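A short worksheet on the structure shown next.
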Amino acid sequence: MKTAKAIQAAALAAVMLMSSGFKSDEFSLTALKDYQREFKSTSIGACNTSSTKTYEDYRMITAPDSRQYWHIRNHMTVDEETGFLYDEDGFIGVALGYLFGEIGTRYYIVLDTGIIIPVVKIDAKASVDASDGCSANLNASVIEFVIDSDRAAEYFGANNGYASYGNFNNYEYLNGNIVDFELVLDEKIEDGIIYEHTLEDETVTEEVSDEVRIVRGGY
2 MKTAKAIQAA
12 ALAAVMLMSS
22 GFKSDEFSLT
32 ALKDYQREFK
42 STSIGACNTS
52 STKTYEDYRM
62 ITAPDSRQYW
72 HIRNHMTVDE
82 ETGFLYDEDG
92 FIGVALGYLF
102 GEIGTRYYIV
112 LDTGIIIPVV
122 KIDAKASVDA
132 SDGCSANLNA
142 SVIEFVIDSD
152 RAAEYFGANN
162 GYASYGNFNN
172 YEYLNGNIVD
182 FELVLDEKIE
192 DGIIYEHTLE
202 DETVTEEVSD
212 EVRIVRGGY
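Here the working numbering runs 1 ahead of the position in the sequence shown, where the first position is 1.
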């Protein structure tokens, strides 16, 4: 398991180059099967290889003085079909532990099925629920998608009130164990132009809500 110091050190590693991704106006989960990186990135390794991918509802993030609240409102769009949230570059909103930095930090998650999931941290897992800063104590999930659960239940189907049986690893284009996290940099691959990605004002506090549920589910 990677420590916070190891992850910080890894951020200085060699940059990985591949081809272009998709834009927000092209957002589609099915497109993940052919997704290619749009930005330069650097590997930081996988702190846990769990396949479990739980979720929380973005409407539970209600503190107006939190970075989460304003990042969602300023940068994220709710996909009307799937209920997933995505930003202007098509990065999908997730909750991650404290090892993964500030709200607004973006990653490519590489799965052993060959799928690459572009994600942006828009909520922070509470330390009491993910004490190692990486995976949930309850079910070892690293990735917790931040969604509109009503729309997701309609699209993926619901069992006992949980979309996709409570685990998006059940969905074909999100299926697989984690093999790597890549920290996404601000430079696009195809043209070398630097794109600044500005976080919210530092005076805004980071909300960690104990009300956010971690759903047990999956295979």
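Where is the CB? At the ideal position from N, CA and C, for every residue including glycine.
Source: prediction; values computed, not measured.
- Residue range I93 to L97 is occupied by the beta strand (DSSP E) that includes A96.
- By the neighbour-count definition (other C-beta atoms within 10 Å, threshold 16), G162 is an exposed residue.
- Taking the C-beta atoms as reference points, I104 is found no nearer than 8 Å to I144.
- Annotated as distal: G177 and T83, with beta-carbon spacing of 8 Å or more.
- In the DSSP assignment, S150 falls within the unbroken alpha helix (DSSP H) covering S150 to F157.
- Buried is the label assigned to Q69, since at least 16 other Cβ atoms lie within 10 Å of its Cβ.
- Per DSSP, the unbroken beta strand (DSSP E) holding I117 starts and ends at I117 to A125.
- Of the candidates V95, L30 and N140, the residue whose Cα lies closest to the Cα of T106 is V95.
- Counting only the Cα atoms, I73 lies some 11 Å from V121.
- Under the three-state reduction of DSSP output, Y59 falls in the helix class.
- With distances taken between CA atoms, S67 lies nearest to D124 out of D124, Y99, F85 and V180.
- About 19 Å separates the beta carbons of A153 and A137, which is beyond the 8 Å limit, so they are not a contact pair.
- For a cut-off of 8 Å, the C-beta gap from N170 to T53 is around 6 Å, short enough to register as a contact.
- For I110, the enclosing beta strand (DSSP E) begins and ends at R107 to L112.
- When secondary structure is reduced to three states using DSSP, Y166 falls in the helix class.
- Per DSSP, the continuous beta strand (DSSP E) segment holding I179 begins and ends at I179 to K189.
- Looking at the DSSP output, E145 bridges to T55 and A96.
- Cβ contact annotation for F85 (same chain, cutoff 6 Å, sequence separation greater than five): I93 and I148, in chain order.
- Per DSSP, F40 is one residue of the beta strand (DSSP E) stretching across F40 to S44.
- Only residues of its own chain outside the window of five on either side were considered, and among them K126, A131, G134 and C135 have a CB closer than 6 Å to the CB of G98, listed in chain order.
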